[in-house]
Amino acid sequence: MTPRWQFTRRLLAAALMATGLSAAQAQITVGQTAGHTGAVAGSVKEVTQGARLYFDTVNADGGVGGQKITLVSLDDKFDPKLAAANAKTLIDQGVISLFLNRGTPHTQAIMPLLAEHRIPLVAPSTGAMALHKPVNPWLFNVRATYQREAERAIEHLSLIGINRIALVQVNDSFGEDAVLGALAGLAKTNKQPVAHEKFDRAKPELAPVVAKVVATQPQAVVFIGSGSAVVDGMKALRAAGSLAQMVTLSNNASAGFIKDLGDAGHGVIVSQVFPYERSIAKPIIKEALEAARKVNTELTPSMVEGFVAAKVLVEGIKRAGPKPTRETLRKALEGMGRLDLGGIEVGYGPNDHSGMDYVDLAIIDQSGKFRR
2 MTPRWQFTRR LLAAALMATG LSAAQAQITV GQTAGHTGAV AGSVKEVTQG
52 ARLYFDTVNA DGGVGGQKIT LVSLDDKFDP KLAAANAKTL IDQGVISLFL
102 NRGTPHTQAI MPLLAEHRIP LVAPSTGAMA LHKPVNPWLF NVRATYQREA
152 ERAIEHLSLI GINRIALVQV NDSFGEDAVL GALAGLAKTN KQPVAHEKFD
202 RAKPELAPVV AKVVATQPQA VVFIGSGSAV VDGMKALRAA GSLAQMVTLS
252 NNASAGFIKD LGDAGHGVIV SQVFPYERSI AKPIIKEALE AARKVNTELT
302 PSMVEGFVAA KVLVEGIKRA GPKPTRETLR KALEGMGRLD LGGIEVGYGP
352 NDHSGMDYVD LAIIDQSGKF RR
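Residue 359 in this note's numbering sits at position 358 of the sequence shown, and the numbers go up by one each step.
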């Protein structure tokens with residue numbers, strides 16, 4: 002082999018190595034901490050799957066400016082302290098944004114890190130009013146508030162002639178926030194709850210709580226809580242012989258929640274904060290359905306939440322310039338104004354990081370599907 006050919010081979014090898022290194026670095030990393038195990042694991046799995054559906058679609062088309070989106074997910078076991086620790090780990094790893102964490106106290110535990118490290122948190126999977134007002138310059142909500150969901154549910158119950166309504170809530174910041182909406186809905190219709198009971202989030206014991214509620218003979222019971230605790234409460238209500246209409250909020254709008262309820266699920270009303278997952282009249286739902294079909298997956302309400310959240314984040318990254326940073330992403334999102342995502346609008350501005358205000362109701366039918 003001639004010296005000249007050896008030199009050419011070295012140049013080619015160096016070029017290939019540089020190309021490979023560039024490709025490896027040409028990615029934008031997003032960080033998520035959520036309860037992938039524990040009480041909310043079912044819905045967390047679905048919402049994360051929905052987000053990955055959209056990221057995979059974007060990456061298949063070349064990513065954003067040639068950079069692929071990578072989602073790094075850590076399990077916080079639905080523990081606020083671990084959520085904060087995970088968030089710090091992700092920040093130290095250099096993620097451009099925190100994304101799609103789960104839980105109100107968990108988000109509140111993460112919030113001090115945002116300004117300290119100047120990093121956005123996009124689409125926390127919670128509707129706590131405390132995340133909307135006052136506006137946090139580094140936090141961008143997508144979904145509507147829990148208060149609006151609970152108020153809408155009470156309004157619906159009143160419209161169908163139900164007057165004796167009981168409230169069962171988790172005794173934490175999420176429960177205290179969401180129940181304000183239910184109480185506002187009751188006040189609008191000149192009602193008081195026939196019972197208002199609380200349970201501990203860390204060690205939920207629903208049997209004694211439900212016994213107190215059943216004694217008041219409610220026509221409907223609104224459960225404000227998450228995952229397995231609400232499932233246990235609803236099953237206990239039916240086991241006690243109560244035929245009361247059962248209602249819960251969108252944080253439980255998952256196929257996993259329906260599966261865990263089993264026979265007790267038929268007729269349960271669950272509020273929704275995104276369009277119907279079978280409504281192909283909405284372009285964004287059609288887009289999500291097509292992405293789900295490619296991987297042979299059935300679209301669920303929680304997956305729609307993840308899909309929409311990912312679309313909002315990617316839109317912000319696209320607007321953040323050819324070399325997006327945490328700061329340029331924050332500015333891009335805040336300057337987004339009103340954006341049509343495909344039949345639904347999201348909007349941000351310096352004085353408004355609420356995102357969407359969409360609220361609807363669904364009922365679990367005999368086949369174990371949400372119907373609207």
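No residue lacks a Cβ here, since even glycine has one placed at the ideal position from N, Cα and C.
Practice item. Please state if the CB of Phe258 and the CB of Ile43 are separated by a distance shorter than 9 Å. Key: The sequence given here places Gly at residue 43; Ile does not occur at that position. The answer is yes: Cβ separation under 9 Å.
Check your understanding: If we count the other Cβ atoms within 10 Å of its Cβ and call it buried at 16 or more, is Val360 buried or exposed?
Key -> buried
Practice item. If I'm right that Ala167 touches Pro194 with Cβ under 8 Å, what's the distance once you round it to whole angstroms? Key: 6 Å
Point to revise | Own chain, CB closer than 6 Å to Lys236, minus 5 neighbours either side, in chain order | key: Ala265
**Study point:** Nearest to Ala310 (by Cα), restricted to the options Thr298, Leu342, Lys189 and Arg327
**Key:** Leu342
Exercise for review: Kindly indicate the opening and closing residues of the beta strand (DSSP E) around Arg294.
Suggested key: No beta strand (DSSP E) holds Arg294; the alpha helix (DSSP H) holding it covers Pro284 to Lys295.
Review point. Quick one: Cα of Glu117 to Cα of His157, how far?
Key: 43 Å
Point to revise | Outcome for Gln273 when other beta-carbon atoms lying within 10 angstroms are tallied against a minimum of 16 | key: buried
Check your understanding: Going by beta carbon distance, what residues of the same chain come within less than 7 Å of Ile318, once the five residues before and after it are set aside?
Key -> Ile29, Val65, Pro325 and Leu330
Check your understanding: Going straight from the alpha carbon of Val169 to that of Gln68, what length do you get?
Key -> 47 Å
**Study point:** Assumed close pair Thr190, Ser159 - CB separation to whole angstroms, cut-off 8 Å
**Key:** 4 Å
Point to revise | Environment of Ala221 [buried if 16+ CB atoms lie within 10 Å] | key: buried
Point to revise | One or two residues paired with Ser272 in a DSSP bridge | key: Leu362
Review point. Bridge partners of Gly343, per DSSP?
Key: Looking at the DSSP assignment, Gly343 forms no beta bridge with any residue, so it has no partner.
Point to revise | Cβ-Cβ distance between Arg373 and Tyr277 below 9 Å | key: yes
Review point. Do you know offhand how far Val45's Cα is from Met337's?
Key: 27 Å
**Study point:** Closest residue to Asn252 among Phe224, Ser243 and Glu198 (Cα-Cα distance)
**Key:** Phe224
Check your understanding: Out of curiosity, what's the CA-to-CA distance linking Ile364 and Asn164?
Key -> 19 Å
Practice item. Pull up the distance between the alpha-carbon of Arg202 and that of Ala88, whole angstroms please. Key: 22 Å
Exercise for review: May I have the straight-line CA-CA distance separating Gly182 from Pro323, to the nearest angstrom?
Suggested key: 42 Å
Point to revise | Rounded separation between Met357 and Val143 - CA only | key: 6 Å
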